[in-house]
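Undergrad:
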Amino acid sequence: MARHIHIVKVHHLTLSFPTRKDPNPKPVLDDVDFGIRDGEILGLIGNSGSGKTMTSLAIAGLLPDNANITEGSIKFAGKDLLAMNNRERRAMLGKDIGMIFQEPSTALDPLMSIGRQLEEVLTAHKDPTMTPEMRHKAITDMLELVGFKDPEEIMTRYPHQLSGGQRQRVLIAGAALLKPRLLICDEPTSSLDTVTTVSILELLKELCHKLHITILFISHDLSAVRGFCDRVMVMRDGKIVDKDTASDILTNPRNAYTAELLTNARLDTRILGLKPANVDYTTSPVLKAEGITAGYGRSLFERVKAKRTEEKTDNKVLHDVSLEVYPNEILGLIGGSGSGKTTLIRSLLGLLPHEGKVNIKSTSIGAIFQDPVSCLNPAHTVKWHLAEALRASGKKASGSDALARITAVLKECGLDEKYLTRRPHELSGGQRQRIAIAMCLIQEPSLIIADEPFSSLDASSSAELLKLMTDINRERHTAFLLITHNIHIVRQIAPRIIVMNDGRIVEEGQTPEVLNSPKSESTKALLDAERQIHGL
Amino acid sequence: MAQNTKTFKSPEASVFYIAGLILLGIVVLSFIVSLFWTPYDPEATDAAAKLMGPCMEHPFGTDNFGRDVLSRVMAASKYTIFISVAGVAIALVLGTAAGIPAGYFGGFADRTIMLLGNSIMCFPGILLALVAVAVFGASVTNVIWALGLVFAPTFARVCRVGTMEIKELDYITHARVMGVKPVRLMALHIFPNLVSQLLPATVIGLANMTLFESGMSYLGLGVQPPDASFGKMLSDAQAYVRVAPWLIVFPALMLVFYILGLYFVSEGLRVRLTKGGK
């Protein structure tokens with residue numbers, strides 16, 4: 001059967017980044033050996049730094065210049081890829097091997113309309129038999145296939161006029177246009193919300209069947225591959241530690257590491273030993289916000305346009321939002337992208353001009369943000385960051401007392417003294433987020449606002465961060481306002497929940513009640529998507 | 001992680017960098033030596049040895065007053081380097097002090113500061129510096145101040161754009177949430193992250209400043225006799241270009257070394273600091 005013919009065969013691939021100082025470094029890929037069967041969806045799972053992206057780049061021939069393949073071979077449909085020259089490899093890219101990357105916002109040229117970008121894909125691979133009309137037809141057909149109802153209209157649009165999910169669809173359309181035999185998807189859904197993720201995964205599966213495209217799907221999220229991949233491989237430290245059919249690997253993993261990943265991916269509070277704190281709702285809230293309305297100014301262009309058409313567009317992102325956070329509480333705030341969650345916390349933190357009242361009991365309010373890359377200042381050490389936080393809260397930041405406090409807080413966040421002199425680029429994403437929490441803690445706030453802290457972290461780091469947050473909540477009685485699109489986490493650690501949609505609070509109440517009998521459409525949609533992804 | 005810790009290296013950038021350092025080294029070395037020792041007194045005239053070609057006693061020859069050209073070139077490097085470094089220092093301080101707040105606060109402050117900067121930039125720089133020197137008198141101090149003012153808007157722009165980029169990042173938002181005051185935020189949180197952009201701009205600024213200074217000295221508005229700068233020596237040598245070409249060649253060569261060296265170093269720095277110019 002055609003399904004058992006390997007389209008890609010990676011033979012004992014070993015890859016390293018030799019430098020002048022260290023000519024024989026630890027290999028990034030160590031004896032990687034696998035095959036991708038024709039027509040299957042193969043999942044490649046692993047934590048950050050496990051070598052999954054390097055594997056995909058090696059197959060696509062897009063490795064950085066300083067990478068050195070010391071051993072092994074890669075065969076694509078019988079041809080040895082490593083023996084080919086650059087020209088031949090380039091001709092294969094797109095036509096035989098397509099790729100979709102993680103960040104849809106930067107993968108499209110902002111100055112080109114969608115139609116032109118897609119046409120560019122076709123003209124780059126010169127096909128003399130194709131007339132402009134045929135190209136147009138091919139593009140509209142493909143856009144329709146990826147789920148756009150009005151392809152002609154989409155073709156005239158520019159990337160900034162599309163949502164994240166729509167952009168990812170356009171990228172998939174671009175990759176599928178040339179009908180490649182292999183499509184490599186490198187974390188295509190990790191920057192999208194749950195509802196969009198489900199629709200993208202469905203689209204990829206459909207393409208796989210309709211166009212007979214083989215897919216290599218890379219993800220750090222084990223649960224995302226459930227019900228999507230045919231087979232799954234697990235990578236760790238450049239080695240493939242486990243491979244099996246998707247259903248087997250996810251229901252009864254034979255490898256200890258896979259089991260650990262699976263536990264972390266579930267973020268199961270019983271296994272992690274977490275439980276939500278008891279909240280006394282009769283005490284006065286630490287944060288009380290009333291009637292917050294906020295929005296962003298419109299650009300000159302939009303103002304002129306609005307004037308000409310004499311339409312009254314509403315540029316408010318938030319409409320009359322009120323909420324309270326009680327001491328010792330973890331309040332979950334969920335909603336799809338564009339529901340106004342981030343605007344709300346920016347208003348609460350006083351970073352955005354807004355109407356309405358925000359009352360906060362304590363002077364300090366901490367915040368941690370989504371992106372672990374930019375959460376710390378690259379010019380300074382960890383010690384400086386913590387000392388600066390201490391000084392900003394009006395306390396003495398030098399001397400042995402301050403140093404003792406800094407070390408204590410760092411220890412509480414699970415990092416020891418040797419991290420004091422490190423700079424952000426020497427830390428992993430999870431460690432950076434912990435430093436960000438330590439910076440909040442040292443100011444002893446009564447409330448920490450966490451904006452999607454888990455979305456860029458792999459499963460293990462997320463689990464550790466979650467444990468840290470609940471520990472802080474239990475021991476220091478710090479309240480958390482946790483913004484996330486992961487309902488699963490909220491369900492387990494937040495006793496109370498708020499659901500937002502279109503800049504309004506659509507539902508609010510005890511977590512079990514809201515999630516078990518959702519009243520609004522948007523809550524139902526979020527729950528459906530979550531059910532499909534996590535298979536719960 | 002490991003990739004971030006080492007600076008980016010590309011072969012051609014290294015060649016530029018090393019060539020630049022060698023060229024710059026020649027000029028800086030002659031400057032340092034001139035502080036303690038020159039073969040002859042650069043201002044001592046010798047009627048018996050007028051317009052002598054390069055020979056054993058005077059390797060670079062002598063000028064129309066019989067002054068040793070080698071000694072004068074060495075002494076001139078002192079003024080050229082001093083004026084360019086001091087001028088750039090003034091421009092850097094003014095530009096940073098104006099550019100970071102402009103980028104950070106935006107709105108009215110930004111528009112006012114940039115209007116001021118743009119009004120300076122819309123005149124040809126040399127013209128503005130010439131006017132300033134003509135009004136306040138030709139002296140080394142005035143040249144330095146004039147050039148510093150003329151160059152400040154360039155640095156202000158670099159700082160402004162860099163600040164606008166950085167202030168949107170989470171760590172700045174974080175610092176604001178923590179309650180760090182704006183002045184401290186700009187000085188300790190934003191400024192250190194601008195260094196990688198300011199350093200190449202500073203080196204280029206040094207080269208441009210030297211060209212301006214030479215131009216002004218050539219026109220007689222910079223360094224005053226009997227002191228020498230490269231531009232002044234070129235202007236003095238004009239009349240003798242046919243009979244004594246060495247009077248032009250050696251100062252010009254030093255000028256070329258200095259400027260080319262600075263450009264090469266700046267290019268090398270840019271590539272190193274920005275990891276391949278991306």
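Chain order of the listed sequences is A and B. Using my numbering, the first residue of the first sequence is number 1, and each one after it goes up by one. Using my numbering, the first residue of the second sequence is number 1, and each one after it goes up by one. We put the beta carbon where it would ideally sit given N, CA and C, even for glycine.
May I have the straight-line CA-CA distance separating ALA77(A) from GLU40(A), to the nearest angstrom?
TA: As a position in the first sequence, residue 77(A) is number 77, starting the count at 1. As a position in the first sequence, residue 40(A) is number 40, starting the count at 1. Roughly 14 angstroms separates the two Cα atoms.
Undergrad: May I ask you to verify whether the stretch 498–517 of chain A touches the stretch 221–235 of chain B, counting CB pairs closer than 8 angstroms and requiring at least 3?
TA: Because the criterion of three Cβ pairs below 8 angstroms is not met, the stretch 498–517 of chain A and the stretch 221–235 of chain B do not touch.
Undergrad: Nearest CA to the CA of PRO25(A): which residue from GLY238(A), GLU444(A) and LEU183(A)?
TA: By 1-based counting over the first sequence, the position of residue 25(A) is 25. Nearest option by C-alpha distance: GLY238(A).
Undergrad: What separation, rounded to the nearest whole angstrom, lies between the Cα atoms of HIS12(A) and ALA379(A)?
TA: Taking the first sequence and counting its residues from 1, one reaches residue 12(A) at position 12. Taking the first sequence and counting its residues from 1, one reaches residue 379(A) at position 379. Approximately 41 angstroms, taken between the alpha carbons.
Undergrad: Say whether the stretch 200–211 of chain B touches the stretch 255–270 of chain B, bearing in mind that this needs 3 or more beta-carbon pairs closer than 8 angstroms, one atom from each stretch.
TA: These segments touch.
Undergrad: Between which residues of its own chain and ASP371(A) is the CB-CB distance below 7 angstroms, once the five residues before and five after are set aside?
TA: The residue given as residue 371(A) occupies position 371 in the first sequence. Contacts found: SER456.
Undergrad: Any residues in the stretch 171–182 of chain B with a beta carbon nearer than 9 angstroms to a beta carbon of chain A? Which ones, in chain order?
TA: Hits within the stretch, in order: TYR171, ILE172, THR173, HIS174, ALA175, ARG176, VAL177, MET178, GLY179, VAL180 and LYS181.
Undergrad: Over the uninterrupted alpha helix (DSSP H) stretch that includes LYS467(A), give me the two end residues.
TA: Position 467 of the first sequence, counted from the start, is the residue given in the question as residue 467(A). Start and end: 459–476.
Undergrad: Give a yes or no on whether the minimum CB-CB distance between HIS189(B) and chain A is below 7 angstroms.
TA: Locating residue 189(B) in the second sequence gives position 189, counting from the first residue. Yes, HIS189(B) lies at the interface with chain A (some Cβ there is under 7 angstroms from its Cβ).
Undergrad: By a C-beta neighbour count over all protein chains shown, 10 Å radius and 16 as the cutoff for buried, is ALA2(A) buried or exposed?
TA: Numbered from 1 along the first sequence, position 2 holds the residue referred to as residue 2(A). Annotation note: pLDDT 43 at ALA2(A) (below 50); position unreliable, coordinate value reported separately. Flag for ALA2(A) reads exposed.
Undergrad: Determine, using beta-carbon pairs with one atom in the stretch 163–173 of chain A and one in the stretch 343–350 of chain A, whether at least three such pairs fall under 8 angstroms.
TA: No contact exists between the stretch 163–173 of chain A and the stretch 343–350 of chain A.
Undergrad: Quick one: what does DSSP say LEU329(B) is sitting in, helix, strand or coil?
TA: Only positions 1 to 278 of chain B appear in the structure, and residue 329(B) is not among them; the question remains open.
Undergrad: Taking the C-alpha atoms as reference points, what is the distance between GLY125(B) and LEU92(B)?
TA: For this step, residue 125(B) is matched to residue 125 along the second sequence. For this step, residue 92(B) is matched to residue 92 along the second sequence. So the two alpha carbons sit approximately 16 angstroms from each other.
Undergrad: Using the Cβ count rule (16 or more neighbours within 10 Å means buried), how would you classify HIS485(A)?
TA: Reading the first sequence from its first residue, position 485 is the one you call residue 485(A). HIS485(A) is buried by the Cβ-count criterion.
Undergrad: As a quick exercise: from ILE259(B), SER30(B), LEU51(B) and PRO42(B), pick the residue whose alpha carbon is nearest that of ILE248(B).
TA: Against the second sequence, residue 248(B) aligns to sequence position 248. Nearest C-alpha to ILE248(B): LEU51(B).
Undergrad: Is any heavy atom in the ligand ATP found nearer than 6 angstroms to the beta carbon of ASP244(A)?
TA: Among the components of this structure there are no ligands whatsoever, and the ligand ATP is therefore not found.
Undergrad: Name, please, each residue of chain A whose Cβ falls closer than 8 angstroms to the Cβ of PRO320(B).
TA: No answer is possible for residue 320(B): it lies beyond the span of chain B, which begins at 1 and ends at 278.
Undergrad: How would you list, in chain order, the residues of chain B whose beta-carbon sits under 9 angstroms from the beta-carbon of ASP371(A)?
TA: In the first sequence, the residue the question calls residue 371(A) occupies position 371. Neighbours of ASP371(A) on chain B, chain order: LEU169 and ASP170.
Undergrad: Since LEU93(A) and ALA60(A) should fall inside the 8 angstroms C-beta cutoff, what is the C-beta to C-beta distance between them, to a whole number of angstroms?
TA: Taking the first residue of the first sequence as 1, we reach residue 93(A) at position 93. Taking the first residue of the first sequence as 1, we reach residue 60(A) at position 60. Confirmed, Cβ separation roughly 7 angstroms.
Undergrad: Could one say the Cβ of ASN516(A) lies closer than 7 angstroms to chain B's Cβ atoms, at least one of them?
TA: Position 516 of the first sequence, counted from the start, is the residue given in the question as residue 516(A). No, ASN516(A) does not count as interfacial toward chain B.
Undergrad: What is the DSSP secondary structure of GLU388(A), counted as helix, strand or coil?
TA: For this step, residue 388(A) is matched to residue 388 along the first sequence. GLU388(A): helix per DSSP, three-state reduction.
Undergrad: List, in chain order, every chain B residue whose beta-carbon is nearer than 7 angstroms to that of LEU482(A).
TA: Locating residue 482(A) in the first sequence gives position 482, where the first residue counts as 1. Correct list: empty, because the minimum Cβ distance to chain B is about 16 angstroms.
Undergrad: To the nearest whole angstrom, what separates the beta carbons of ASP109(A) and GLN102(A), a pair I think is in contact under 8 angstroms?
TA: Position 109 of the first sequence, counting from 1, holds the residue named residue 109(A). Position 102 of the first sequence, counting from 1, holds the residue named residue 102(A). Contact flag wrong, Cβ pair sits at about 17 angstroms.
Undergrad: Does the beta-carbon distance from LEU122(A) to GLY165(A) come in below 7 angstroms?
TA: Counting from 1 along the first sequence, the entry for residue 122(A) is found at position 122. Counting from 1 along the first sequence, the entry for residue 165(A) is found at position 165. No.
Undergrad: Quick one: list the residues of chain B neighbouring SER393(A), beta-carbon separation under 8 angstroms, in chain order.
TA: Position 393 of the first sequence, counted from the start, is the residue given in the question as residue 393(A). The answer, in chain order, is MET178 and GLY179.
Undergrad: Can you list the alpha helix (DSSP H) stretches of 4 or more residues lying completely in the stretch 206–288 of chain A, in chain order?
TA: Counting only runs of 4 or more, we get 246–251, 256–266 and 269–272.
Undergrad: Smallest Cα separation from PHE191(B): which of GLY222(B), VAL203(B), LEU221(B) and ALA156(B)?
TA: The residue labelled residue 191(B) in the question sits at position 191 within the second sequence. Ranking the options by Cα distance to PHE191(B), first place goes to ALA156(B).
Undergrad: Just tell me which of THR45(B), ASN64(B), ASP68(B) and ASP46(B) has its CA closest to the CA of MET56(B).
TA: To locate residue 56(B), count along the second sequence from 1; it is residue 56. Per the Cα distances, ASP68(B).
Undergrad: For a contact defined as C-beta to C-beta under 9 angstroms, what are the partners of ALA436(A) on chain B?
TA: Position 436 of the first sequence, counted from the first residue, corresponds to residue 436(A). What ALA436(A) touches in chain B: ASP170, TYR171 and HIS174.
Undergrad: Expressed to the nearest angstrom, what Euclidean distance is found between the alpha-carbon atoms of THR523(A) and HIS6(A)?
TA: Against the first sequence, residue 523(A) aligns to sequence position 523. Against the first sequence, residue 6(A) aligns to sequence position 6. Answer to the nearest angstrom: the Cα atoms are 43 angstroms apart.
Undergrad: So, using beta-carbon positions, are LEU318(A) and ALA289(A) closer together than 7 angstroms?
TA: Here residue 318(A) corresponds to residue number 318 of the first sequence, with the count starting at 1. Here residue 289(A) corresponds to residue number 289 of the first sequence, with the count starting at 1. The answer is no: Cβ separation not under 7 angstroms.
Undergrad: With a threshold of 7 angstroms between beta carbons, is LEU447(A) in contact with chain B?
TA: Position 447 of the first sequence, counting from 1, holds the residue named residue 447(A). No, LEU447(A) does not count as interfacial toward chain B.
Undergrad: Any idea what DSSP makes of LEU94(B), helix, strand or coil?
TA: Stepping through the second sequence from its first residue, residue 94(B) is reached at position 94. DSSP places LEU94(B) in helix when its eight states are reduced to three.
Undergrad: So, for SER73(A): in the same chain, excluding its five sequence neighbours on each side, which residues have a beta-carbon less than 7 angstroms away from its beta-carbon?
TA: On the first sequence, residue 73(A) is found 73 positions in, with the first residue counted as 1. Closer than 7 angstroms at the Cβ level, and outside the excluded window around SER73(A), lie HIS11, ASP80 and LEU82.
Undergrad: Within this structure, are the beta carbons of PRO153(B) and MET121(B) separated by less than 7 angstroms?
TA: The sequence position of residue 153(B) within the second sequence is 153, counting from 1. The sequence position of residue 121(B) within the second sequence is 121, counting from 1. A contact, by the Cβ cut-off of 7 angstroms.
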